[in-house]
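Only one structure is covered here, and it is reproduced in the block below.
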Amino acid sequence: MAEIKTVAIAGAGTMGQGIAISCALAGYTTKVFDVNEQVCDRAIALITKTLNQLAEKGKITPTASSEALSKISISTNANQLKADLVIEAIAENLLIKQNLFKQVEALNTDKTILATNTSSLSVSKIAAGLNNPKRCAGLHFFNPAHIMKLVEVVAGAQTEPEVLTSLKVFAKSIGKVSVDAKDSPGFIVNRVARHFYVESLLAVENDSASYETIDALMRASGFKMGPFELMDLIGIDVNYAVTESVYEGFNKATKFKPSPVQKAKIDNGELGRKNGKGFYAYSQK
Ligand SMILES: NC(=O)c1ccc[n+]([C@@H]2O[C@H](COP(=O)([O-])OP(=O)(O)OC[C@H]3O[C@@H](n4cnc5c(N)ncnc54)[C@H](O)[C@@H]3O)[C@@H](O)[C@H]2O)c1
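Be aware that the sequence shown starts at -11, since it is given in the working numbering, and climbs by one per residue.
Written as structure tokens, this is what we have:
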């Protein structure tokens, strides 16, 4: 089984940040790469803030917080992607992910594991163009990744069993609970959860209820967050891309149809918490 000492993460957005915090808190040297310099700067600031908050709340010690921070580096230099395990958390787009992994493969030896955090795309297709598709698998975290314990481990058509074992051992080492999921659109959680979003958006579109009312009622019925608050947390663009991908993956089944309400938000540049406005407004501080 491959020993994982260094972890690289592609994408310093919502998920890349949370995954980096989980890895660094577990003691891994964690190198993060993003194509966007501003995103790198923002990610360093947000990771620092999150680690400080965890220490202030007594969830971790101040020493653990500063040690974790010292293990994380973030940059636009692609050499960041040299590691024993590379986890990609970039745009939910097949071609972009395929190209990134080709780049990762060229930078590393054939021992490196390539893990995709895709929410909905086919792991087999992401791996298909690689020289060594056996080393590629799905490792699907949930948001916020430094808090949520669950990860779905997804075998592609060609993934070798040793890679899956290494990923499960790794997941455990960073405090996660792994579950095997089949390589089908949306895997398990995102497929089932689609209706939480799609049906709520349809209710707003049909003027059956406001989004604030739906959120309040879902919270009152036991959900931690309502669907619109959750879409804001996830990123409305990311959530929409996942719905589109699941819709395509299930041959345009009406029950997965993407919502024009959500599309309008994206067209308006309202992406959720990450840029200060989604269904609700957020302070960017
Ligand atoms: N947001 C969620 O709740 C959530 C949960 C689980 C999985 N995911 C999945 O994780 C992935 C990332 O989602 P996110 O919410 O972090 O997105 P995000 O938009 O917050 O961040 C994506 C980042 O990737 C960067 N990027 C784009 N192309 C790149 C490239 N070629 N190389 C390096 N960086 C690149 C962008 O600059 C951006 O900073 C997606 O596949 C998404 O489906 C998201």
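We put the beta carbon where it would ideally sit given N, CA and C, even for glycine.
Roughly how many angstroms lie between the CA atoms of residue i and residue j, to the nearest whole one?
i	j	result
Leu205	Thr17	43 Å
Ala(-4)	Lys19	5 Å
Val23	Ile101	21 Å
Glu200	Phe211	14 Å
His128	Asn105	4 Å
Glu236	Thr49	46 Å
Leu88	Tyr270	32 Å
Leu259	Asn227	10 Å
Phe21	Ala197	42 Å
Lys122	Ser209	44 Å
Gly6	Gly264	18 Å
Gly257	Asp225	9 Å
Determine which residues share a DSSP beta bridge with residue i and list them.
i	result
Met18	For clarity, residue 18 is Thr in the given sequence; the question names Met instead. Thr18 is bridged to Val(-5) and Ile60.
Gly126	Thr104 and Val142
Val165	Leu138
Lys243	Lys243 is not bridged to any residue.
Val74	Ala(-4) and Leu102
Lys265	Gly260 and Ala269
Residues in the same chain with beta-carbon distance under 6 Å from residue i, minus the five sequence neighbours each way, listed in chain order, please.
i	result
Leu13	Ala56
Ser108	Pro173, Gly174, Asn178, Val230, Ser233 and Val234
Leaving aside the five residues before and after residue i along the sequence, list all residues of the same chain whose C-beta is less than 8 Å from its C-beta, in chain order.
i	result
Lys90	Gly117 and Leu118
Val111	Thr104, Cys124, Ala125, Gly126, Val142, Ala143, Gly144, Thr147 and Asp171
Between residue i and ligand 3, is there a pair consisting of the residue's CB and a ligand heavy atom that are separated by less than 7 Å?
i	result
Thr(-6)	Absent from the structure shown: ligand 3. Ligands present: ligand 1.
With a CB to CB cut of under 7 Å and the five nearest residues on each side skipped, what residues in its chain are close to residue i?
i	result
Thr2	Asn131, Gly223 and Lys262
Phe238	Pro173 and Phe244
Phe158	Ile(-8) and Leu73
Checklist entry - Closer than 5 Å from C-beta to any heavy atom of ligand 1: which residues, in chain order? => result Ala(-2), Gly(-1), Gly1, Thr2, Met3, Asp22, Val23, Asn24, Val27, Ala77, Ile78, Ala79, Glu80, Leu88, Asn105, Thr106, Ser107, Asn131, Ile222, Gly223 and Val226
Checklist entry - Is it a yes or a no for the region 180 to 191 touching the region 242 to 256, going by three-plus beta-carbon pairs under 8 Å? => result Cβ pair count under 8 Å is three or more, so yes.
Checklist entry - Pairing CB atoms from the region 134 to 141 with CB atoms from the region 160 to 171, are three or more of them under 8 Å? => result yes
Next on the checklist: Count Cβ pairs between the region 74 to 87 and the region 35 to 47 that sit closer than 8 Å; are there 3 or more?
Outcome noted: no
Checklist entry - Can you find at least 3 beta carbon pairs, one from the region 213 to 225 and one from the region 250 to 263, that sit closer than 8 Å? => result yes
Checklist entry - Can you find at least 3 beta carbon pairs, one from the region 62 to 71 and one from the region 42 to 49, that sit closer than 8 Å? => result no
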